[in-house]
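Enquirer:
Residue numbers (my numbering): 8 to 219.
Dropping the structure here:
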């Protein structure tokens, strides 16, 4: 009777050993059961099965897992869950960049309209025009003043007339008119239909993102 019992135990033990997946010599310790890996990861056996179904663990056969590979897979799985998707990052970054660019554009528009900001090419062009006009008027000053001074004998009167003419010329250089810069500027800063269409397009784009 005891012999038969030993034989039955031996047969059961043999079947248990056959249930283990074949591994190379010295690697049998890498194979763990569902109970063992659930204890290692600190989760329930049911959760282990869910992880295996999700590809977060390497299941060799029913109830057996490759421990080293499962640990690596589990770490990768947890990291991928913690990180936001690239598409979400791209959409949020795109919207933030567009909003910032729109704000900067509006600030530049206001500065240009107020005459606080000019293109260097516009400044160069207007200043050249002003200097050319000043030079021409300066060169024409003797011709302009000669008829007025020819009959004047009082030296002080002559000085005053010349001084007033020079001051008049210098005043033209001093005067600053922002509208002159704005009229020739290539930056016509109006919130026109094109800008409004752009705003509507981005708004629709944002609504579509929220629906995704």
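Backbone N, C-alpha and C fix where the C-beta goes; we use that ideal spot for every residue, glycine too.
Can you tell which of 178, 55 and 62 has the C-alpha that lies nearest to the C-alpha of residue 70?
Expert: Position 63 of the chain shown holds residue 70. Ranking 178, 55 and 62 by Cα distance to residue 70 puts 55 first.
Enquirer: Tell me which residue opens and which closes the beta strand (DSSP E) that residue 67 is part of.
Expert: The count along the chain shown starts at 1 and reaches residue 67 at position 60. Judged by DSSP secondary structure, residue 67 falls within the beta strand (DSSP E) whose first and last residues are 66 to 68.
Enquirer: Tell me whether residue 161 sits in a helix, a strand or coil according to DSSP, three-state version.
Expert: Position 154 of the chain shown, counted from the first residue, corresponds to residue 161. Reduced to three states, the DSSP call for residue 161 is coil.
Enquirer: So the alpha helix (DSSP H) residue 73 belongs to, where does it begin and stop?
Expert: Along the chain shown, one-based indexing puts residue 73 at 66. For residue 73, there is no enclosing alpha helix (DSSP H); the residue is found in the beta strand (DSSP E) stretching over 71 to 73.
Enquirer: Residue range of the alpha helix (DSSP H) that residue 130 falls in?
Expert: Residue numbering aside, residue 130 sits at position 123 when the chain shown is read from its first letter. It spans 127 to 146 - the alpha helix (DSSP H) in which residue 130 sits, taken as one unbroken run.
Enquirer: Using the three-state DSSP reduction, which class does residue 50 fall into: helix, strand or coil?
Expert: By 1-based counting over the chain shown, the position of residue 50 is 43. If DSSP states are grouped into helix, strand and coil, residue 50 belongs with coil.
Enquirer: CA-CA distance, residue 153 and residue 133?
Expert: The count along the chain shown starts at 1 and reaches residue 153 at position 146. The count along the chain shown starts at 1 and reaches residue 133 at position 126. If I take the Cα positions, the gap works out to 31 Å.
Enquirer: With a CB to CB cut of under 6 Å and the five nearest residues on each side skipped, what residues in its chain are close to residue 74?
Expert: Taking the chain shown and counting its residues from 1, the one referred to as residue 74 is at position 67. Excluding five sequence positions before and after residue 74, the CB atoms of its chain that fall closer than 6 Å to its own CB belong to 37 and 39, given in chain order.
Enquirer: Between the alpha carbons of residue 137 and residue 112, how many angstroms are there, rounded?
Expert: The residue given as residue 137 occupies position 130 in the chain shown. The residue given as residue 112 occupies position 105 in the chain shown. Each residue's Cα considered, the two are about 30 Å apart.
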